[in-house]
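Undergrad:
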Amino acid sequence: MSAPLTSLDRPNSYIGRSVPRPNAKRLLAGRGRYISDLRLPRMLYAAFLRSPHAHAKIVSINTDEARALEGVHLVAIGADLAKICAPWTGTLDHFKGMTSAPQLPLPLDRVVWAGQAVVAVVAESRAIAEDALELIEVDYEDLLAVVDIDSARDAGGPVINPGSANNTCFRAQLDNGTVDDAFAHAAHVVEEEFSFGRHTAVTLEPRAIVADYDPAAGALTVHHATQTPYQFQDLYSRHYGIPEARVRVIATDIGGSFGMKLHVYHEDMAVVGLSILLGRPVKYVADRIESFVSDIHARDHRVRARMALDAKGEILAMDVLDLTAIGAFSTYPRTSVVEGNQVIRLMGAPYRFKNYRASLEVIFQNKVQTSQYRAVGHPIACAVTERLVDMAAAKVGLDPFAIRAQNFIADDAYPQTSPTGYRFEALSHQASLKRLHELMNYDGLRAEQADLRKRGVYRGIGIAAFVEITNPSPAFYGVGGARISSQDGAILSLTPSGEVRCLISVTEQGQGTEAIINQIVADQLGLGQEHVKVITGDTEVTPHGGATWACRGAGIGGETALQATRLLKRNILEIAALILQEQPSALDIIDGELVDAGTRNQRMPISEIARIAYFRSDTLPPGTQAQLTVSHHFAPQGYPFAFTNGIQGCSLEVDVETGFIKMLKHFIVEDCGRVINPMLVDEQLRGGIVQGLGAALFEECRYSETGQLVNGSLADYLVPMPTEMPDIVIAHVETPTADTVLGAKGVGEAGTAAASACVLNAVNDAIAPFDATINSIPITPVKVLKALKRF
Amino acid sequence: MDIEETAVKARAFSYFRAATIDQALDAHARAGDDARFIAGGQSLVPALSLRLQAPRLLIDITHIDEMRGIRREGGYLRIGALTRHCEMLSEPLIAEFAPLLHAAAPFVAHRAIRNRGTFGGSVALADPASEFPAMTLALDAEIEIAGATGTRRVKADDFFLDLFETALQPGELITAIYIPLFKADQRFAFDELARRRGDYALVGCGMLATFAGERIDDIRISFFSVSNTPTRVRGAEATLIGSSLDAERIAAAQAALEGDLAPPDSDEVSPAMRLHLARVLLGRVLGRLGEGA
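Line by line, the protein sequences give chains A and B. Here the first sequence is numbered in our numbering, starting from 1 and rising by one per residue. Here the second sequence is numbered in our numbering, starting from 1 and rising by one per residue.
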């Protein structure tokens with residue numbers, strides 16, 4: 001028996017369908033064009049000498065020998081680039097009172113982290129440039145390095161930025177309801193101090209850039225492995241004083257970004273300057289060792305939090321202090337305080353309570369900068385909240401599912417405003433919780449856990465609910481003065497052959513942005529998806545927009561494509577109606593054919609409309625001007641963010657003798673609104689979960705007391721690998737946003753948001769019989785054994 | 001243009017491909033010992049790319065036939081130094097006569113590395129965290145070394161001297177490793193604790209025992225990732241010889257590790273924790289040996 005027909009069964013119905021990505025075959029076949037594949041005539045190669053000290057004064061730099069080396073074209077120090085590049089400061093106006101020192105491509109007189117680029121060499125090959133680096137002598141005078149959070153906050157300790165009274169970058173406070181009163185009258189209070197290690201993105205493709213300044217035209221072209229070509233067009237224009245229209249940024253194929261490739265890096269800014277100084281193309285590709293000490297890091301939080309409950313387990317209040325250390329500068333142009341800001345605002349987000357207080361303190365230290373990385377702030381807020389909820393459940397005597405069922409905001413109670421100030425349109429915590437219970441066979445897992453415990457096998461079960469921020473409006477960056485767009489633009493053309501070309505401002509980094517835009521355009525126009533070509537990532541070609549970050553590609557980019565396609569379809573139908581002597585409303589397009597809207601009888605192929613419009617306009621009624629190219633912009637309105645929600649669960653086994661943790665299975669129920677391509681959505685969830693499991697179990701940038709990164713290679717910095725990863729079971733609840741026609745929200749960060757929280761709860765569940773607890777991520781064998789007091 | 005223009009590279013060096021052992025030794029001597037032999041290159045190439053090493057000459061030894069092949073020779077299995085890690089898994093002679101190497105091989109790094117890395121290279125580097133150097137100790141192997149003054153054989157027990165320091169003199173080359181043939185009255189066992197499959201282990205151990213019925217007549221147990229060198233644990237061995245493998249004996253062997261091992265401090269794992277893990281692992285691997293592993 002066949003399943004009943006659904007809307008997916010009509011031709012060209014691509015929204016909601018798992019169709020393959022048009023670019024997948026090309027990339028798999030090795031035909032991708034990444035920055036490192038790019039070779040321009042007369043191109044030169046840059047390499048950077050890096051500081052071995054975490055904090056030091058530059059006394060002198062001797063570059064004579066390096067300059068004399070054959071094949072070396074330029075050796076540049078801070079002062080050389082400072083002459084042509086305006087400094088930048090990583091602050092935003094809506095973060096009141098935040099400070100950060102001005103930055104330049106290369107430092108003038110002081111280094112502030114180990115690995116900071118100090119001198120640039122440009123040569124005929126990377127190898128020659130590296131030979132030259134070995135001939136440069138830099139005389140440093142060591143300064144006291146500020147390494148850990150405590151010493152950074154010490155009154156009277158070393159201060160990183162001269163002229164500052166202390167190492168504080170930013171403080172924020174939230175206080176809603178009657179927190180003190182709630183704690184004073186609580187039947188139960190749970191409290192814990194958590195720590196979250198630093199980690200970093202480790203993209204398959206490292207940062208890469210080719211800057212090509214043409215002095216004759218006064219024009220700069222930058223081929224850049226970035227998520228945000230428009231943002232960089234603006235920045236290169238303003239910091240190097242080149243009119244925006246003469247700056248072109250091209251982001252071709254990109255091998256992963258995860259938020260890491262949307263910040264200003266000193267080397268990238270330097271490479272643009274080097275190209276200007278030389279009037280030749282200059283390439284720089286970070287090697288893996290450089291990536292570890294110069295890509296942004298993320299997390300690095302210490303959170304003290306408590307939760308008050310009544311006797312029945314109703315959550316009454318939360319009180320949170322988040323200390324986070326961000327490196328020596330705040331990153332430009334998005335700052336390094338967004339993560340902390342989101343940590344304190346996402347706390348307790350799934351729950352109904354109204355009394356909330358939080359303090360955030362963002363601190364400078366002598367390490368590489370931290371900034372936005374996949375699921376900014378979410379894993380911290382989720383782990384803290386969900387661990388406290390589990391601790392509370394144990395104290396009250398409730399099952400983890402029961403306490404959540406009791407405290408979630410009801411699915412029918414939306415819209416709601418959280419005590420942290422977020423406005424939620426519609427979430428589905430209750431439905432998701434119910435679905436997860438069935439999906440993971442929770443009762444079965446608990447029975448198995450009890451059985452195995454009798455035999456000395458310690459399994460743990462953990463769950464963690466989350467709220468994810470997607471589809472950001474100008475409230476995110478625009479209001480703070482950043483020239484970062486929250487709108488997107490698309491230009492659609494019907495080609496003379498009756499196909500569609502879509503230029504759109506959202507970008508592709510491997511997640512399938514181009515695939516879903518293709519699906520939306522093909523679906524809305526009524527064409528086979530093979531007849532739609534999507535082009536992204538070139539500021540000279542595609543309209544200005546926000547591009548792809550913060551889970552905005554599907555929700556905002558997708559809606560832009562949808563609305564633009566509807567305009568194009570309207571224009572096509574108008575011309576078709578003239579040709580066929582019908583009303584436009586009586587016609588439709590299915591599978592590339594003009595049809596009668598009612599009967600679906602074929603009238604004429606769309607290619608014939610295109611042929612007539614482009615080549616035989618003389619046959620159209622006088623005064624007709626066919627508009628077969630449309631442009632359209634869409635900026636989100638209504639809710640400032642489209643929040644999504646979901647819940648994850650996992651089962652794992654702790655070897656209580658070795659402290660090793662074996663992941664057995666992971667589950668997620670997720671609600672991203674309208675699902676455009678289930679396969680891509682599921683892979684976003686899987687990839688996100690694996691990144692979260694990496695954070696939970698493996699990834700940490702470890703520093704020595706003097707501020708040296710001690711595990712900055714892939715031999716020592718452990719990323720999650722397939723053998724250790726569990727199967728991931730996925731289910732969906734769909735609550736489309738009413739703010740758009742498409743109804744899609746973001747999904748890219750949902751997996752990462754709660755995976756580590758889930759593991760934290762499961763490990764604590766596993767070791768509960770030993771009266772042991774863990775409150776620190778990553779959860780390493782060392783930490784487990786210490787918690788178990790095994791040695 | 002070629003890849004050299006974009007890749008991060010080693011400092012320039014000369015390259016010589018030797019056809020015979022004598023050619024290789026001669027080239028090394030003529031370079032004034034500012035040379036490195038290269039076979040699989042799985043440790044050397046990263047060191048060159050990071051410019052941690054910058055020899056004037058690389059001598060490619062992978063085309064030297066005398067260093068290839070696996071064959072029985074008297075009471076030994078002669079394993080050519082150029083034998084790749086992956087061949088430890090695929091060669092029937094290894095599985096039959098040196099099954100401990102066969103058992104350890106899947107734990108050696110990842111497939112791509114096993115496809116190129118060589119047995120001789122691993123033993124010559126003597127990484128204290130590597131599986132194979134430690135297994136040569138458990139197997140009572142002999143290492144055949146060619147040098148200017150001829151060829152000699154050194155017992156594994158006398159080969160590993162200190163961190164990355166061995167009985168090899170500058171310009172000498174491991175040509176083969178001799179493993180006493182596995183016998184019917186012997187049993188072996190191997191395991192390691194690595195956070196990810198293929199990583200350097202936090203601790204690992206392999207053992208070869210000769211049994212008379214259920215009584216252990218002789219046993220050699222070797223650990224890796226516990227010291228500056230691969231390490232035999234003679235105290236633990238002594239507690240086991242002459243006994244059968246019951247819980248009490250295993251506990252005694254575990255206790256003896258405290259005298260056998262003094263793990264160095266590392267930034268992640270304290271000496272006490274490493275010793276604890278070594279005890280747990282020894283107990284588990286001995287348990288498996290008792291079951292006839």
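Every residue, glycine too, gets a C-beta built ideally from N, C-alpha and C.
Chain B partners of A/Thr658, CB-CB under 7 Å?
TA: Counted from its first residue, the first sequence places residue 658 of chain A at position 658. Within chain B, the residues near A/Thr658 are Leu193, Leu277 and Val280.
Undergrad: So with CB distances below 9 Å, who are the chain B contacts of A/Pro781?
TA: Translated into the one-based positions of the first sequence, residue 781 of chain A becomes position 781. Leu193, Arg195, Leu202, Val269, Met273 and Leu277, listed in chain order.
Undergrad: Here's the rule: buried if 16 or more other CB atoms are within 10 angstroms of the residue's CB, otherwise exposed. What is B/Leu289?
TA: In the second sequence, the residue the question calls residue 289 of chain B occupies position 289. By the neighbour-count rule (16 or more Cβ atoms within 10 Å), B/Leu289 is buried.
Undergrad: Report the rounded CA-to-CA distance for A/Ser164 versus A/Pro229, giving the unit in angstroms.
TA: Numbered from 1 along the first sequence, position 164 holds the residue referred to as residue 164 of chain A. Numbered from 1 along the first sequence, position 229 holds the residue referred to as residue 229 of chain A. C-alpha separation (whole angstroms): 34 Å.
Undergrad: Within 10 Å of its beta-carbon, does A/Pro419 have 16 or more other beta-carbons around it, so buried, or fewer, so exposed?
TA: Here residue 419 of chain A refers to the residue found at position 419 when the first sequence is read from its first residue. That one is buried.
Undergrad: Compare the Cα-Cα distances from A/Arg603 to each of A/Arg455, A/Tyr614 and A/Gln581 and report the closest residue.
TA: As a position in the first sequence, residue 603 of chain A is number 603, starting the count at 1. Nearest C-alpha to A/Arg603: A/Gln581.
Undergrad: In the DSSP assignment, find the beta strand (DSSP E) that holds B/Arg36 and state where it starts and stops.
TA: Within the second sequence, the letter at position 36 stands for residue 36 of chain B. Start and end: Ala35 to Ile38.
Undergrad: Please compile the residues from chain A whose C-beta is within a distance smaller than 8 Å of the C-beta of B/Leu50.
TA: Indexing the second sequence from 1 puts residue 50 of chain B at position 50. Under the 8 Å cutoff, chain A gives Ile289.
Undergrad: Are the CB atoms of A/Leu685 and A/Pro726 nearer to each other than 8 Å?
TA: For this step, residue 685 of chain A is matched to residue 685 along the first sequence. For this step, residue 726 of chain A is matched to residue 726 along the first sequence. No; because the gap between Cβ atoms is not below 8 Å, this pair is not in contact.
Undergrad: Touching or not, the region 595-602 of chain A and the region 556-570 of chain A, by the rule of three or more beta carbon pairs under 8 Å?
TA: The region 595-602 of chain A is not in contact with the region 556-570 of chain A.
Undergrad: Comparing C-alpha positions only, which one of A/Leu427, A/Asn518, A/Thr91 and A/Asn355 sits nearest to A/Thr335?
TA: One-based indexing of the first sequence puts residue 335 of chain A at position 335. It is A/Thr91 whose Cα lies nearest to the Cα of A/Thr335.
Undergrad: Using the beta-carbon of each residue, which ones in chain B are nearer than 8 Å to A/Phe806?
TA: Missing from the structure shown is residue 806 of chain A; chain A here goes from 1 to 791 and no further.
Undergrad: Could you round the C-beta distance between B/Leu173 and B/Leu25 to whole angstroms and report it? I think they count as a contact, below 8 Å.
TA: Position 173 of the second sequence, counting from 1, holds the residue named residue 173 of chain B. Position 25 of the second sequence, counting from 1, holds the residue named residue 25 of chain B. Contact holds; Cβ gap of about 6 Å.
Undergrad: So what's A/His53 in DSSP terms, helix, strand or just coil?
TA: Looking up residue 53 of chain A in the first sequence gives position 53. A/His53 falls in the coil class under three-state DSSP.
Undergrad: Tell me which residues share the same chain as A/Leu135 and place their Cβ nearer than 7 Å to its Cβ, disregarding the 5 neighbours each side in the sequence.
TA: As a working mapping, residue 135 of chain A is identified with position 135 in the first sequence. Glu65, Ala66 and Leu69, listed in sequence order.
Undergrad: Counting only beta-carbon atoms, is A/Arg790 nearer than 8 Å to chain B?
TA: Taking the first sequence and counting its residues from 1, the one referred to as residue 790 of chain A is at position 790. Yes, A/Arg790 counts as interfacial toward chain B.
Undergrad: Beta strand (DSSP E) containing A/Val72: first to last residue?
TA: As a working note, residue 72 of chain A is residue 72 in the first sequence. Its beta strand (DSSP E) spans residues Val72 to Ala76.
Undergrad: If the cut-off is 9 Å on Cβ atoms, which residues from the region 690-705 of chain A count as contacting chain B, listed in chain order?
TA: The region 690-705 of chain A vs chain B, Cβ under 9 Å: Leu697, Phe698, Arg702 and Ser704.
Undergrad: Apart from the five residues on each side of it in sequence, which residues of its chain come closer than 7 Å, Cβ to Cβ, to A/Pro720?
TA: Mapped onto the first sequence, residue 720 of chain A falls at position 720. Contacts found: Val690, Leu693, Gly694 and Phe698.
Undergrad: What do you get for A/Tyr477, buried or exposed, if any count of 16 or more other CB atoms within 10 angstroms of its CB means buried?
TA: Position 477 of the first sequence, counting from 1, holds the residue named residue 477 of chain A. Buried is the call here.
Undergrad: Compare the beta carbon distance of A/Thr542 and A/Thr513 with 8 Å and say whether it is the shorter of the two.
TA: For this step, residue 542 of chain A is matched to residue 542 along the first sequence. For this step, residue 513 of chain A is matched to residue 513 along the first sequence. Taking 8 Å as the Cβ cut-off, A/Thr542 and A/Thr513 do not qualify as a contacting pair.
Undergrad: Determine, using beta-carbon pairs with one atom in the region 702-715 of chain A and one in the region 608-627 of chain A, whether at least three such pairs fall under 8 Å.
TA: Output reads no: the region 608-627 of chain A does not touch the region 702-715 of chain A.
Undergrad: Among A/Asn341, A/Asp322 and A/Ala317, which has the Cα closest to the Cα of A/Phe194?
TA: Your numbering for residue 194 of chain A matches position 194 in the first sequence. Ranking A/Asn341, A/Asp322 and A/Ala317 by Cα distance to A/Phe194 puts A/Asp322 first.
Undergrad: What in chain B is Cβ-close to A/Met721, meaning under 8 Å?
TA: Taking the first sequence and counting its residues from 1, one reaches residue 721 of chain A at position 721. Per Cβ cutoff of 8 Å: Arg196, Arg197 and Gly198.
Undergrad: Give a yes or no on whether the minimum CB-CB distance between A/Leu578 and chain B is below 8 Å.
TA: Stepping through the first sequence from its first residue, residue 578 of chain A is reached at position 578. No, no contact with chain B.
Undergrad: Check the DSSP bridge columns for A/Cys382 and list the partner residues they point to.
TA: Within the first sequence, the letter at position 382 stands for residue 382 of chain A. Beta-bridge pairing links A/Cys382 to no other residue.
Undergrad: I need the boundaries of the beta strand (DSSP E) containing B/Pro180, first residue and last residue.
TA: One-based indexing of the second sequence puts residue 180 of chain B at position 180. From DSSP, the beta strand (DSSP E) with B/Pro180 extends over Leu173 to Pro180.
Undergrad: Identify whether A/Pro229 lies in helix, strand or coil by the three-state DSSP scheme.
TA: As a working mapping, residue 229 of chain A is identified with position 229 in the first sequence. Three-state DSSP puts A/Pro229 in a helix.
Undergrad: For a quick check, are the C-beta atoms of B/Arg84 and B/Arg116 less than 8 Å apart?
TA: Position 84 of the second sequence, counting from 1, holds the residue named residue 84 of chain B. Position 116 of the second sequence, counting from 1, holds the residue named residue 116 of chain B. Yes.
Undergrad: So the candidates are A/Gln637, A/Ala586, A/Asn645 and A/Arg570; which of them puts its Cα closest to the Cα of A/Gln627?
TA: Position 627 of the first sequence, counted from the first residue, corresponds to residue 627 of chain A. Residue A/Arg570 is the option with its Cα nearest to A/Gln627.
Undergrad: Considering A/Leu92, what are the terminal residues of the beta strand (DSSP E) in which it resides?
TA: One-based indexing of the first sequence puts residue 92 of chain A at position 92. Element bounds for A/Leu92: n/a, residue is neither H nor E.
Undergrad: Leaving out five residues before and five after A/Gly673 in sequence, what residues of the same chain have Cβ atoms less than 8 Å from its Cβ?
TA: Within the first sequence, residue 673 of chain A is the residue found at index 673, counting from 1. For A/Gly673, where only same-chain residues beyond five positions count, the Cβ hits under 8 Å are Gly555, Ala642, Thr644, Glu734, Thr735, Pro736, Thr737, Gly743, Ala744 and Lys745.
Undergrad: Report the neighbours of A/Val710 on chain B: residues whose CB is nearer than 7 Å to its CB, in chain order.
TA: Position 710 of the first sequence holds residue 710 of chain A. Under the 7 Å cutoff, chain B gives Asp267.
Undergrad: Determine the DSSP secondary structure at A/Met679, reduced to helix, strand or coil.
TA: On the first sequence, position 679 is the one that residue 679 of chain A refers to. Three-state result, A/Met679: helix.
Undergrad: Enumerate in chain order the residues of its own chain whose CB-to-CB distance from B/Pro271 is below 8 Å, with the five nearest sequence positions on each side excluded.
TA: Stepping through the second sequence from its first residue, residue 271 of chain B is reached at position 271. For B/Pro271, where only same-chain residues beyond five positions count, the Cβ hits under 8 Å are Ala262, Pro263, Pro264 and Asp265.
Undergrad: Under 8 Å, do A/Leu346 and A/Val467 count as touching if we go by C-beta distance?
TA: Taking the first residue of the first sequence as 1, we reach residue 346 of chain A at position 346. Taking the first residue of the first sequence as 1, we reach residue 467 of chain A at position 467. Yes.
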